[in-house]
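Notes for the one structure printed next.
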Amino acid sequence: MLVYYLIISFLIGVGTAFNRNQTVRIVLLALFMMVQTSVTIFAYLHLNTDDLVYFKYDALGVIFMCVLTLLSFTTIFHSHIYLRHRRDDSRSQSLYFAALIMLIVAMTCAYLASHIGLMWVFIELTTLSVAALIYHERTSLALEATWKYVFVCSIGITITFIGIILLSFGMGVTVQIDFSFKALQEQLLLVNSSWLKLAFLFIIVGFCTKMGLFPMHTAAIDAHTAAPPPISAFISTTLMNVGFVAIFRTYSLFANTAIQSWMNQVLLWCGLISIIVSAAYLLTVKHLKRMSAYSSIEHMGLTAIGLASGGIGYFAAIFHMILHSFVKASVFYQIDQFHRNFGTYMIGETGNYFNRNRAGGMVFLLALVGIIAMPPSGLFVTEFWIFKAMFASSHFVFLILALLFLSVCIYILAKNFLYILFNQTKNLIPAEEKTAASETWSQYFLLALLFYFGINPPVQMIQLIEEAVKNLP
Amino acid sequence: MSLSLFILFVTLSFVLLVGFSKESWAGNIALVSVLINAGTSSWVAFNAVTGHPYFEILGGGSIFGDIPIRIDALSGWFILMMNFTVLTGILYGRRYMKHYENKSGMIPLHFASFIINHVSMIGIFCVQNSLAFLYLWEMMALSSFILVIFEYKKPETIKAGINFLIQSHICILLVTVGLIWVSVRTNSFDFNAISVFSASVNPEVSFFLFLVFFLGFAIKAGFVPFHTWLPYAHPVAPSHVSGVMSGVMIKLGIFGILRMLLLINQNYLTTGYFILVFSIISGLYGVILAIVQHDLKKLLAYHSIENIGIIGMGIGLGAIGLGIKNPILAFAGFAGALLHTLNHSLFKSLLFYGAGTIYQAIHTLNIESMGGLIKKMPQTAILFLVAAMAICGLPPFNGFISEFLIYRGFFEGIHLDSLSLATVLILSVVALVLIGGLALLCFTKAFGIIFLGAARSTFDHEVHEAEASKLFPGWLVVLFILIIGLFPQIFIQLLIKPVSLFTGSLSNGFQVMLLVENLQSVSMVTWTFILAIAVIAAIKKFVVRNRKTVTSPTWGCGYVATNSKMQYTAGSYVRGYRKLIRPLLQLNKKEENIEGIFSNPIVSETHPYDKIEVIFIDRPLKFLNNLLARVRFLQSGNVRHYVLYGVIFIFIVVIFSLLNDAVTYLTKLIKQI
Amino acid sequence: MINILLITFAISLIYMGIANRLSTVINILAVQGIILFGVSLIELIQINTINLIFILFETIVFKTIAIPIFLNNVIKKNNIVREAEPFVPDFASIVIITGILLGSFILSNIINVEHVRKMFFIVAISALFTGLFIIISRKKVVTHIMGYLVIENGVFILSLSAGSTMPMLVNTGITLDIFVSVLVLGIFVNRIGNTFEEMNVDHLTNLKD
Amino acid sequence: MRGLGVILIIFTSFFFTGIVFRTKSIFSGRKGPGIFQPMKDIWRLFQKGNVYSETSSFIFRIAPNIYFASVVIALMLIPFGDQKGIFSFTGDFVFFAYILAVGKFFNIIGALDTGSSFEGMGASREALYSLLAEPAFFILMGSFALLTGYTSFYDIFSSIHFGSSISYAIGALASFVFVLIAMIENSRMPVDDPATHLELTMVHEVMILDNSGFDLGLIFYATHLKFAMYGAIIANLFLTPGKEWFYSIPIFIAMQILFAIVVGTFESFMARFRMSHNPQFIFALTSISLLIFLTVLLIVGKFL
């Protein structure tokens, strides 16, 4: 199945790249989304079956694949709105969508890859394909951001590769090593722990670039800033999910070895420092997109902590990532409208959004509730579980610090969002065109999902997540 | 159809209804919804209070698991209290909001969150599943946050709103930690697990557990030093909201503390002392700061802190009673606390409604610019006077009854046990007396300056009495205030069940009867007092019936050109007092000196600021901010550094783990030696 | 034989440290490509032709021919000044690179893993850090790409020294990725050249907090 | 027989203040008015019509009634020897204090109602001083409760029996405190000088500047009653229980007269404090009563 998917989507991608006709483009995109959806459904139906040698429809991959497919719909929808309002020429639109399709395919493959090398390849591919999208606006800032993102990610991915090689050092056999996750799991048990530690360290640091964890979170922030809002939505949701999947796979690879507690320590520190850093920058940040990016970093940190705490933490981490994708995507889609309304991303130069654009204002209000993890937001439940896991694994100091800095983040987010919504002090020029309320439906849909999953998540999802975490200690 | 499902259904449908309704309709729809919910819950609650607790299990799906819903006498009492205040609140609010229609576009959202707020409060009182409890609690905080920021056009409103949101979030975090602790150890979300757990560990641990919960709930209840959100949140909220918040919402904290006291079995004597001391500080500090406030609502907010202190004293006394196994102490304490909870919710909401009416009449809350309002709005004045006397704990109103019960307990306890108990109790008596006296000072000031004398400033619009439908809820409250004040024996009997939840272990039938008789005689004297007033009035009328009564200007002690500027102001009224407690206050003064013989007009301002806020909130935040500023070198914008971070991180981790290994190795070596 | 090659590689690293002309750096990269070809040839002599072709492709075609030419084009196109403009003086960089060599030598002695050839390990590690050093110490954007390439070479040697290789498909993917990323980076260098008149990384520090 | 105490108090109130004035005048070498002069003044006031300020509202009109009523109720709670007061229940002294507070409350707001530039001053002082004086009373009652184990006027007074020497000390101290409390409550020397004629230095007098006629009479008489009432409390300390009433009545009256003379002497030999000194002085009472409490603790033997 996957091979057809790859071929068809490749063809569609090429088609989009060279086609200049609007309707044809839409048809192609619809076609692609059909393929994407059908492959997703296929993947769910053929759970735990291999495909194309190096791919496997395992639970983890399928979950995030579903999220990706869902968000692809909305992202393509909002990309259309975005491009329409930018009045881009047909050529750049074609490039944009071609790159988008390539990105989606690359991410899908990265989720499903059951071979560490291949996963590596596709992750690098996502970097390259998203570069074109980040640079879409062709401004000097976009250029800088893209340069940084591509460069840092390439270096990071190289570090990961070094980690993989170190792994093979540790195994000590000079014959061919099977680098598929399944095979590695057995082989790792007879590697001495210092090699394992070294390898894990390199691999994790490499993947941090994608997931946006300290120490390699820096480039992702800039990418968020410069990219078109729909793409920022992708970067901070599905692309970060790619990083998470990679880290999760690595973690579960090493989980049964002797170094697990050490691993947890490293991840805990990564997570905690990420939260602290995001809190520190949230305090001073003026740019709405950067603010949302930092909040993503904060959530990634929380997820890492959840992963490191084990127990229900594994479950919570995956759940958290999913829900975070929903809320963050809707925020970034809304930011697009926001930008159209004010012509700026600078929080200080805006205000009274609640009255200027009621529908959008409500999205921000609900999204604020979602992000700061207050009920009915589902993140409330996942965070509760993560805290519980921390307590259960008796990381009390981490728990207290995390709670403290999370409160700081909440304070800042609330402050800024409320400023945007209600501040009356600025006398602003009214927006030139009213944004249609219909553009916010997708966002409301995502938020509704967020709230609903917080109360009563579908059984299938629960089963998938449990399936994904079942062979972790 | 089970109760909870019914209420949830009603709420959902009405929230949607309000959300999509006309602004002018929202209030009434909300009223209907509140009526239905309050009606159903009150029915169950009343049964619970009279001894038929309610129990049901709500299926919470894969996340919450089974949600036990228990309405025992305690929950029942609180639900009844809460329902009444919320009801008056919405009755008042739907009139109050008429002034804002088609101005802010916030009204449907406002009333929707009012309904949600009400329901989540009902839920908090009866849901006994940790996660669901937290969920509801956050819903409550969130909805009340929306309620607070209604007048978002003022920047200070938003500021106060955020402050409120964060502090209630801290509160929820502490409670969360406590609940997580229990659920991790027992891995069950049911509240009964708490008592099981606390039974299984030694008293110190369970006291610590109680401490965690207490601190959490203390923030909500507004115990000093966790009170700092109150004086900001109450003034900026619409009056019916501040009435409900101050009347009911902060009682959630009290409820939490009482619930935990029930669930966590511990060394009650220590707990009692702890709570008592805490409450004394809160009570005194609250009223001490209340007096110097000249923003009416802020003044009332500080009084909430004071009354929370009084309630806390009751709880502490009760706990001590449990500790030394003395039923009458326990009964008096808990009964006093519960009754005062009700009383405070009555007169405080009444005061806030009054404040709201005044605000809408003259568009300011600054006491200094009021005066002589009693002639313009007599009914409001009477309502305010009743509430003011009630909050000072003066007979024949309800405030006295609860304070009397607590006094009873104190004096009962003095000659009972040890030296320490006697000393603590006499000091608490002094504290309670001082609180009473200070409250008297404060409310003579408030009432006197606001309503009496001549108007201190002129308003460009006509000041007139509020319409009847806005005064009606006030009169409703007054009715209850009087009933409690004049027939306390009835209410004490209503309290028997809730209190016996605590004192059940000690046999207290006899003492209850004793207290009932006691209150009977109190009410008798009170009646006599009223009678006496009537008689004297009659005599006076009879005596002066055919003498002429002259009206003339106020005697200015020889100075004839008196004007309203020469009246005593609020500031001057409390000046002597302010000089006494100077060290406790932080007054930000802005004074100009007078130059020349004929000096140009000068302005001097004095803004009281909360010293505890400086110590417990401002300084730590500053410290945290500086701390975080240290981290802000990372995003330097230079790609070379970005690459470096990863490498450095790897190095650091490697070095650390090497060091770690070395240390472990050395320790092993040393062990061998 | 291998050792000689590897030592020349190490020397090339030192030379790269002091090379203050971009063209020389590029040439050195080409040379390194050839060396790598030799090394891998000797390493994998026993295996089949496909593999051989792949190696040939990977080293000679990419590393020695395509990328240097491409980089030269980039430099010409943006008429970049020929100097490498290091932050640190040449002498210092020499010292540092020597230090890196020594350090990796010591490191390999500390870690000694039996089945990993020391020479490979030392050279690989020093290549990694030299590349990093070049990235950090040079002003020009182009030099970043070069540093990246050096790191890649280091990784290549490291993987050789591990002896175990990925399956052919994956290997191809990896190689392609690296090549494409270099291309992309080059393209962006062009963009930067168009946007900012002077090819200096200090222009690329506007996005910060 | 329950009403006996009330009757006696009312009776003594007729000449109590008179005696005070008389003592003062004698000490200052004057003959002075007859001891019923104050009552005559009040009677004269009752004859008069009322003058109301036009700024004032109905509060000002009802305030005196309530003030008077509160005092009446308060003295209904006072026992007499082994006779209960008309009302007697556990914790009645709490009610006693609070009912007086009600009167004070109305007194104060009545003063504020006139919108005068002076009466507010008096009101604020009154509020402050009474709030400072309250604790002393409660601590005193607390120590009695501790001593006797009862918590109502009647039980306390009927079961106080001075055994040891130290308990006499308590009695003396207690009566001293009561005297001072009475002075403050009725705003006499040294806190306030009823004979002063400078509004700026008045406390109680300045509050009733605008009252006239019947109201003023009520207020004055209430003051006298209050005085007599405190006298009665002090007397109760020394009415040893078990005696027949015809023994205790003379003792009672003697005590009252003694009290009045003491007050008079105080006033004639003491100068009024500066306003700024009053708070310390009043609060000193609280510390004295705390001292009493400690002594009681000593007696009941909890200092172990």
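Protein chains in written order, with the working numbering: chain A, 1 to 473; chain B, 1 to 673; chain C, 1 to 209; chain D, 1 to 304. Glycine included, every Cβ here is placed at the ideal spot set by N, Cα and C.
Environment of residue i [buried if 16+ CB atoms lie within 10 Å]
i, result
"Ile7 (chain D)", "exposed"
"Thr551 (chain B)", "exposed"
"His607 (chain B)", "exposed"
"Gln128 (chain B)", "buried"
"Pro473 (chain A)", "exposed"
"Trp43 (chain D)", "exposed"
"Leu39 (chain A)", "Sequence inspection shows Val at residue 39 (chain A); the Leu mentioned does not correspond to that position. Val39 (chain A) is buried by the Cβ-count criterion."
Contact set for residue i: own chain, Cβ-Cβ below 7 angstroms, skip 5 residues either direction
i, result
"Glu439 (chain A)", "Ile81, Gln337"
"Lys325 (chain B)", "Leu506"
Contacting residues, own chain, Cβ-Cβ under 8 angstroms from residue i (five flanking each side not counted)
i, result
"Thr265 (chain D)", "Thr23, Phe27"
"His415 (chain B)", "Ala422"
"Ser93 (chain C)", "Gly17, Ile18, Pro86, Phe133, Ser137"
Range covered by the beta strand (DSSP E) that runs through residue i
i, result
"Lys220 (chain B)", "Lys220 (chain B) -> not in any beta strand (DSSP E); alpha helix (DSSP H) instead, spanning 203 to 221."
"Asn588 (chain B)", "586 to 590"
"Pro194 (chain D)", "Unbroken run through Pro194 (chain D): none, as it is neither H nor E."
"Thr551 (chain B)", "550 to 552"
"Val51 (chain D)", "51 to 53"
Beta-bridge partners of residue i, as assigned by DSSP
i, result
"Gly80 (chain D)", "Here residue 80 (chain D) turns out to be Phe, not Gly, going by the sequence shown. DSSP output for Phe80 (chain D) lists D:Gln83 as bridge partner(s)."
"Thr606 (chain B)", "B:Lys589"
"Glu83 (chain C)", "C:Arg21"
"Gly59 (chain B)", "B:Asp66"
"Lys540 (chain B)", "Beta-bridge pairing links Lys540 (chain B) to no other residue."
"Phe55 (chain A)", "A:Asp51, A:Ala113"
Residue range of the unbroken alpha helix (DSSP H) whose run includes residue i
i, result
"Gly105 (chain B)", "Per DSSP, Gly105 (chain B) belongs to no alpha helix (DSSP H) and is neither H nor E."
"Val631 (chain B)", "Looking at the DSSP string, Val631 (chain B) is not in any alpha helix (DSSP H), and its letter there is neither H nor E."
"Ser278 (chain A)", "260 to 282"
"Tyr247 (chain D)", "245 to 269"
"Asn256 (chain A)", "Run containing Asn256 (chain A): none; DSSP gives neither H nor E here."
Contacting residues, own chain, Cβ-Cβ under 6 angstroms from residue i (five flanking each side not counted)
i, result
"Pro38 (chain D)", "Thr17, Gly18"
"Gly336 (chain B)", "Gly314, Ser402, Leu405, Ile406"
"Val15 (chain B)", "Ala112, Ile115"
"Phe491 (chain B)", "Ile484"
"Leu176 (chain C)", "none"
Is the region 426 to 438 of chain B touching the region 332 to 351 of chain B in the sense that three or more CB pairs, one from each, lie closer than 8 angstroms? no
Is the region 202 to 218 of chain A touching the region 263 to 275 of chain A in the sense that three or more CB pairs, one from each, lie closer than 8 angstroms? Note that the region 263 to 275 of chain A touches the region 202 to 218 of chain A; at least 3 beta-carbon pairs, one per stretch, sit closer than 8 angstroms.
Three or more C-beta pairs closer than 8 angstroms, one from the region 633 to 649 of chain B and one from the region 126 to 138 of chain C: is that the case here? yes
Are the region 151 to 161 of chain D and the region 192 to 210 of chain D in contact at 8 angstroms, needing three or more beta carbon pairs? no
Within the chosen definition, does the region 316 to 325 of chain A reach the region 378 to 387 of chain A through at least 3 CB pairs nearer than 8 angstroms? These segments touch.
Any chance the region 380 to 398 of chain A sits against the region 151 to 158 of chain B, with 3 or more Cβ pairs inside 8 angstroms? no
On the three-pair Cβ rule with 8 angstroms, is the region 55 to 70 of chain A touching the region 107 to 116 of chain A? yes
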